[in-house]
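First comes the structure, then the notes that go with it.
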Amino acid sequence: MIVMTKEPEPGNSLLLEMRQIDKSFPGVHALKNVSMKLRRGEVMGLVGENGAGKSTLIKVLGGAHLPDAGKILIEGRQFHIPSPTAAQQAGVSIIYQEFNLIPGLTVRENIFLGREKTRMGFVRAAEEHSKTLQLFRKIGINIDTNARCSELTVAQQQTVEIAKALSVNAKIIVMDEPTATLTTQETERLFAIIRDLKSHGLGIIYISHRLDEIFEVADRAMVLRDGELVGTHDINDITLEKLIEMMVGRPVESEFPKRSISPGRERLRVEDLCRGKAVRNVSFSARAGEVLGFAGLIGAGRTETMRLIFGADKPDKGRIFINGRKTDVRSPGDAIRNRICLLTEDRKGQGLVLIHSCRENFGLPNLDRFVRGMFLDQRKERKEFSGFVQSLRIKLTGHEQLTMNLSGGNQQKVVLAKWLARNADIMIFDEPTRGIDVGTKYEIYLLINRLADEGKAIIMISSELPEVLGMSDRIIVMHEGRVKGEITDVANTTQEDILSMAIA
Amino acid sequence: MTRKLLSDYGMILVLLLLCVFFSVLTLKEQMPRGSAAVALLTEQINNEFKKSDIILAVGAVNKNSASFAEKLGEELEKEGFSNTTVVVGVPRDLRLALDDIRAKGGELAAIATSGDVTKWGVIELIPEKYPEFSGCKMLAPKSYMWPVFLKRSNLLAIVDRIVVIALIAIGMTMVIITAGIDLSVGSLIALSAVIGTLLMKKMGGLQAPGWVVLVGFLVGILSCGIVGALGGFVVARFKVAPFITTLGIMMMARGLAFMITGGFSIYQVPKALPWLGQGRSLGIPNTVVLLVVLYAVAHIFMAHTRLGRYIYAVGGNKEAARLSGVPVKFVIVFVYIISSLAAGLGGCIQASQLNTGTPNIGIMYELYVIAAVVVGGTSLSGGSGRILGTLIGAFIISVIQNGMNLLGIESYTQQVVLGAVILGAVLLDKARSSGGMLAFLQKKKKY
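Note that the protein sequences, when read in sequence, are chains A and B.
Following the numbering used here, the numbering of the first sequence begins with 195 at its first residue and continues without gaps.
Following the numbering used here, the numbering of the second sequence begins with 8 at its first residue and continues without gaps.
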């Protein structure tokens, strides 16, 4: 059932109105008559599965796309927004997942980039400096304005982006997956800033796959599915289950699928693995048929440990045993030949060649199996890929579609396909569901369980504690490069238990 | 199918456009002189004249019309025209022949030429000076309109001119697909030519047998391959920017080429040297055969082998490729070796075409080669590009140069035009791939 909330009161509380926005791309009707209203001092949660049209809606607002039909009104005035600059002038600032900061410039230089305070052509650094400090005080943050952006943490960069938006007098700030790479404390700080912005009368559109955050920070939530507005709800009038149902279009039973566990023999054993300060004396083992979860804060050394096992980096010391045999893994190629695979957390940067087709990406680690004589057997490659497209339900326009044009969930499925085709014994998943919608998440959980049942050793790194607790048979918690502890009785463990291990 | 071809090789349109353009501008009256024209004229004479008629087959001392006259004479003899005389020479020779016939009291029935002879003054003066021959007929095969640009000899010249650049562009395409660049190829042309010819000189010089040439070539090419391997190693192992690495090699190789010869050219080379660059097999220049074979091999290699696919992957996303088990360092060293081997082969062809080894050949060639690759649609940022696109790019450059030569445009202007056309061609390709000119002009920054 779809219930619309009452129309907001007319008058000056209405900040932004998008009326019947329609947008088509060749082959895709991305937005179908979508309307929304945003009031002053309101946080609107924008949710939907990948490909639902969230990004398109935001890009229309931000001047990256022109709508085919529809109107945009800001404070009652109609605006034509053909470019990002026009959006800025209209008071709209968009903070994308990939920040638009220039790493080599300082915080202050980035904030005033393109709008430098000058006198006779010379930059008035002192004036910029004091303005920046003023901004930072306003949102209660404390960052060195002369630090280079490359030296900042992701969370700090994000606050710089927010400060930059405020410095151009933005009335509407759009945040696209702002917490995807933040730690729990950083997320809390961001929420404090958002509440502060609200109190200053700004309107915020908040996009996130993490629905618990929507419930925490948003006043209302609007749901898009297949380019259509499914509904807009007051956050106090809706449940999590209902929200998921609206997004997916069907009721979802349980968040984490259950399965019976019967761990077999040891597949992987790591002893005393070290690399600089990132990985210190890490030892653990993983057995066939189990899902071994890795929990910890960002920077705890989980990803770095896996890269050592996969041969992507060289360890200072340490031993790796695969199926009980001591093995030197000198390169990722070596690891693959030893039946290990790694699905990296950075899908776009490390998992895919974005400018190449889905089929080529699928084939890349599998070409040794597609060689016939001197040449590649592309028919075999296509046939095998077709099988995965079907079984993983990958949505493509064709095998030759470029992976850069896929939604995040489908990109992840292509990465899954390319590694599943290797049929490895040890599969390492680094944040396998980051930035992925609820429906696809569930499919990935099912798949991970199935792989474990097939007798593979699964290692899963996740920063989402419910996910680690819901999926793992055993959990290893890391902190500052060391193994902090191991949890075998997962069923009787709480998020707080893990967190206290991960922090202290 | 056509659409895919056009999207993969959009530059083929530019090439065709250029060909049409130069064809129209070089359209000219052509005199047929081949054996087909001889046969046609023989048949005409057979029908119109008696076997005893006196016929003169006249050709100017210019290779084509002379051989035409000789061939016609032979054919008429075979047909039984016993009073045929072949005259090859200057107008005076024709006058002497006419005087001779008059002295013998014969009656001239026809003068057969391949065309240009009809414009001789002697012929126009026949009614006045030789009134008794006023009944003689002028016979010539029908002339026709055909562009000089599209003549077989010119088309072969286009290929011949670009062959060195086009060959080297094969290796350069692979390097650029890995997001690299190789500036050393121009200098390696000289290094290979100098090393090769010097070896030939030491192994017997002018009197050396054919296999010496082969040895010289192989040593020259392999030396370049070693240089390329070193460069590739520096790029792959120490992560020095390819631009800087190959810039260094470019300077060193050029210097080495001059050091080896002391700055002089090497002329004491075997007689077999020109075979590769100037010889023909079955009527086709050897260079053209080599070009076709190597492009076919390179295309199949890039499109249908594992290593080819790896080359694209390394250029598309080095880290993703490495984490997929691609031996990235090996791939990088490999492409620089191929590029250098191709440059070495280019040097051998150049030496063969010039019949000498000179340390100052190939200057600026790296830029023409890069231009051919880029015009051919390969992106300098790596990960995409096609071998056959590069061939088209090389031809575009060659066609422009050739066309301007035919039109008599002087060389300074040619450089300006060539540069502008290269830029225009790339812009056109960008416009096409971003969905038409209008979309291109309105294009905004994507983020």
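For every residue, glycine included, the Cβ atom is placed at its ideal position computed from N, Cα and C.
Fair warning: this is a prediction, and the values are worked out from it, not measured in the lab.
Please state if the CB of A/Ser-361 and the CB of A/Leu-396 are separated by a distance shorter than 8 Å. Taking the first sequence and counting its residues from 1, one reaches residue 396 of chain A at position 202. Taking the first sequence and counting its residues from 1, one reaches residue 361 of chain A at position 167. Against a cut-off of 8 Å, the Cβ pair of A/Ser-361 and A/Leu-396 comes out as no contact.
Which residues in the same chain have their Cβ closer than 8 Å to the Cβ of B/Gly-410, if we skip the five residues on either side of it in sequence? Counting from 1 along the second sequence, the entry for residue 410 of chain B is found at position 403. So the qualifying residues of the chain are Leu-25, Phe-28, Phe-29, Leu-32, Thr-33, Phe-156.
Along the chain, where does the alpha helix (DSSP H) containing B/Asp-167 start, and where does it finish? Residue mapping note: residue 167 of chain B aligns to position 160 of the second sequence, counting from 1. 159-184 is the extent of the alpha helix (DSSP H) around B/Asp-167.
Run through chain B and tell me which residues come within less than 7 Å of A/Thr-538, C-beta to C-beta. Counting from one through the first sequence, the residue named residue 538 of chain A turns up at place 344. Result: Leu-330.
Run through DSSP, which three-state label would A/Phe-556 get? Mapped onto the first sequence, residue 556 of chain A falls at position 362. In the structure shown, the three-state DSSP call for A/Phe-556 is helix.
Would you mind telling me which residues of chain B sit closer than 7 Å to A/Phe-569, beta carbon to beta carbon, in chain order? Taking the first sequence and counting its residues from 1, one reaches residue 569 of chain A at position 375. Going along chain B in sequence order, the residues near A/Phe-569 (Cβ under 7 Å) are His-311, Thr-312.
Just list the residues that DSSP pairs A/Val-317 with in beta bridges. Reading the first sequence from its first residue, position 123 is the one you call residue 317 of chain A. Residue pairing from DSSP places A/Val-317 in a beta bridge opposite A/Thr-312.
Chain-order list of residues whose beta-carbon lies under 7 Å from that of B/Leu-195 (same chain, five-residue window excluded): Start at 1 with the first residue of the second sequence, and residue 195 of chain B comes out as number 188. These residues qualify, in order along the chain: Cys-231, Val-234, Ala-260, Ser-347, Ala-350, Gly-351, Gly-354.
Assign B/Trp-218 to one of two classes, buried (16 or more other C-beta atoms within 10 Å of its C-beta) or exposed (fewer than that). Here residue 218 of chain B corresponds to residue number 211 of the second sequence, with the count starting at 1. Label assigned to B/Trp-218: exposed.
Excluding the 5 residues flanking B/Leu-435 on each side, which residues of the same chain have their C-beta closer than 7 Å to its C-beta? On the second sequence, residue 435 of chain B is found 428 positions in, with the first residue counted as 1. These residues qualify, in order along the chain: Val-21.
Under 6 Å Cβ to Cβ from A/Met-598, same chain only, skipping five residues before and after it: list those, please. On the first sequence, position 404 is the one that residue 598 of chain A refers to. A distance below 6 Å between beta-carbons, with the five flanking residues on each side excluded, links A/Met-598 to the following residues of its chain, in chain order: Leu-548.
Among B/Leu-330, B/Val-376, B/Ile-368, B/Phe-337, which residue has its Cα nearest to the Cα of A/Gly-545? Position 351 of the first sequence, counted from the first residue, corresponds to residue 545 of chain A. The shortest Cα separation from A/Gly-545 among B/Leu-330, B/Val-376, B/Ile-368, B/Phe-337 belongs to B/Leu-330.
Contact list for the region 266-288 of chain A against chain B, Cβ threshold 7 Å: Under the 7 Å Cβ criterion, the region 266-288 of chain A contributes Ser-277.
A/Gln-544 CB to nearest chain B CB: under 8 Å? By 1-based counting over the first sequence, the position of residue 544 of chain A is 350. So yes, A/Gln-544 belongs to the interface.
Whole-Å CB distance - A/Ile-289 paired with A/Met-212, under 8 Å assumed: As a first step, residue 289 of chain A must be located in the first sequence, where it is residue number 95. As a first step, residue 212 of chain A must be located in the first sequence, where it is residue number 18. Incorrect: roughly 19 Å between the Cβ atoms, too far for contact.
Residue nearest to B/Ala-378 in terms of C-alpha spacing, selected from B/Leu-190, B/Arg-40, B/Thr-125: Locating residue 378 of chain B in the second sequence gives position 371, where the first residue counts as 1. The candidate whose alpha carbon is nearest that of B/Ala-378 is B/Leu-190.
Could you tell me whether the region 35-43 of chain B touches the region 71-82 of chain B, using the rule of 3 or more Cβ pairs below 8 Å? With three or more CB-CB distances shorter than 8 Å, the region 35-43 of chain B counts as touching the region 71-82 of chain B.
Looking at the strands, I want to know which residues DSSP matches up with A/Gln-272. Here residue 272 of chain A is taken as the residue at index 78 of the first sequence, counted from 1. A/Leu-267, per the DSSP bridge assignment.
Amino acids of chain A, ordered along the chain, whose beta-carbon sits closer than 9 Å to that of B/Arg-316: Locating residue 316 of chain B in the second sequence gives position 309, where the first residue counts as 1. Per Cβ cutoff of 9 Å: Glu-554, Gly-557, Leu-558, Leu-561, Leu-570.
Under 8 Å from the C-beta of A/Ala-506: neighbouring residues of chain B: Here residue 506 of chain A refers to the residue found at position 312 of the first sequence. What A/Ala-506 touches in chain B: Arg-329, Leu-330.
Would A/Leu-418 pass as a contact of A/Lys-248 if the rule is Cβ separation under 8 Å? For the purposes of this step, residue 418 of chain A is identified with residue 224 of the first sequence, where counting begins at 1. For the purposes of this step, residue 248 of chain A is identified with residue 54 of the first sequence, where counting begins at 1. Cβ distance < 8 Å, so A/Leu-418 and A/Lys-248 count as in contact.
Given 8 Å, three or more beta-carbon pairs between the region 268-279 of chain B and the region 355-365 of chain B: Contact between the region 268-279 of chain B and the region 355-365 of chain B is present, because at least three Cβ pairs lie under 8 Å.
7 Å CB neighbourhood of B/Ile-344 in its chain, flanking five on each side removed: Translated into the one-based positions of the second sequence, residue 344 of chain B becomes position 337. Here the set comprises Gly-232, Gly-235, Ala-236, Gly-239.
Contacts that A/Gly-527 makes with chain B (C-beta to C-beta distance below 8 Å): One-based indexing of the first sequence puts residue 527 of chain A at position 333. Here the neighbours are Gly-332, Val-333, Pro-334.
Beta-ladder partner(s) of B/Met-38, from DSSP: Along the second sequence, read from residue 1 onward, the residue named residue 38 of chain B stands at position 31. According to DSSP, B/Met-38 shares a beta bridge with no other residue.
Partner residues on chain A for B/Tyr-302, Cβ-Cβ distance less than 7 Å: As a working note, residue 302 of chain B is residue 295 in the second sequence. Under a criterion of Cβ atoms nearer than 7 Å, no residue of chain A is adjacent to B/Tyr-302; the nearest Cβ is some 17 Å distant.
So if DSSP puts B/Val-234 in a beta bridge, which residue, or which two residues, is it bridged to? In the second sequence, the residue the question calls residue 234 of chain B occupies position 227. B/Val-234 pairs with nothing; no bridge assigned.
Which residues in the same chain have their Cβ closer than 7 Å to the Cβ of A/Lys-471, if we skip the five residues on either side of it in sequence? Numbered from its first residue, the first sequence carries residue 471 of chain A at position 277. Contacts found: Gly-675.
Does DSSP put A/Ile-455 in a helix, in a strand, or in coil? Taking the first sequence and counting its residues from 1, the one referred to as residue 455 of chain A is at position 261. In the structure shown, A/Ile-455 sits in coil (DSSP, three-state: anything other than H, G, I, E or B).
With a threshold of 8 Å, are at least 3 pairs of Cβ atoms found where one atom belongs to the region 506-524 of chain A and the other to the region 463-481 of chain A? The answer is yes - the region 463-481 of chain A touches the region 506-524 of chain A, with three or more Cβ pairs under 8 Å.
Check the C-beta distance from A/Gln-689 over to A/Leu-641 and give it rounded, since I have them as a contact under 8 Å. Within the first sequence, residue 689 of chain A is the residue found at index 495, counting from 1. Within the first sequence, residue 641 of chain A is the residue found at index 447, counting from 1. A/Gln-689 to A/Leu-641, Cβ: 24 Å. No contact.
Since A/Lys-358 and A/Asn-304 should fall inside the 8 Å C-beta cutoff, what is the C-beta to C-beta distance between them, to a whole number of angstroms? Reading the first sequence from its first residue, position 164 is the one you call residue 358 of chain A. Reading the first sequence from its first residue, position 110 is the one you call residue 304 of chain A. Confirmed, about 7 Å.
Check the Cβ-Cβ distances between B/Ala-186 and every residue of chain A, and say whether any is below 8 Å. As a first step, residue 186 of chain B must be located in the second sequence, where it is residue number 179. Not closer than 8 Å to any Cβ of chain A, the Cβ of B/Ala-186 fails to qualify, so no.
Is B/Tyr-343 helix, strand or coil when you go by DSSP? For the purposes of this step, residue 343 of chain B is identified with residue 336 of the second sequence, where counting begins at 1. Helix.
Which same chain residues, not among the five before or five after B/Asn-90, have their C-beta less than 8 Å away from its C-beta? One-based indexing of the second sequence puts residue 90 of chain B at position 83. If we look at B/Asn-90 and ignore the five residues flanking it on each side, its Cβ neighbours are Ser-59, Asp-60, Ile-61, Ile-62, Gly-113.
Can you find the residues in the same chain that come closer than 8 Å, C-beta to C-beta, to A/Arg-501, ignoring five residues on each side of it along the sequence? Here residue 501 of chain A refers to the residue found at position 307 when the first sequence is read from its first residue. Setting aside the 5 residues that flank it on each side, A/Arg-501 is surrounded in the same chain by Asp-507, Leu-536, each with a C-beta closer than 8 Å to its C-beta; the list follows chain order.
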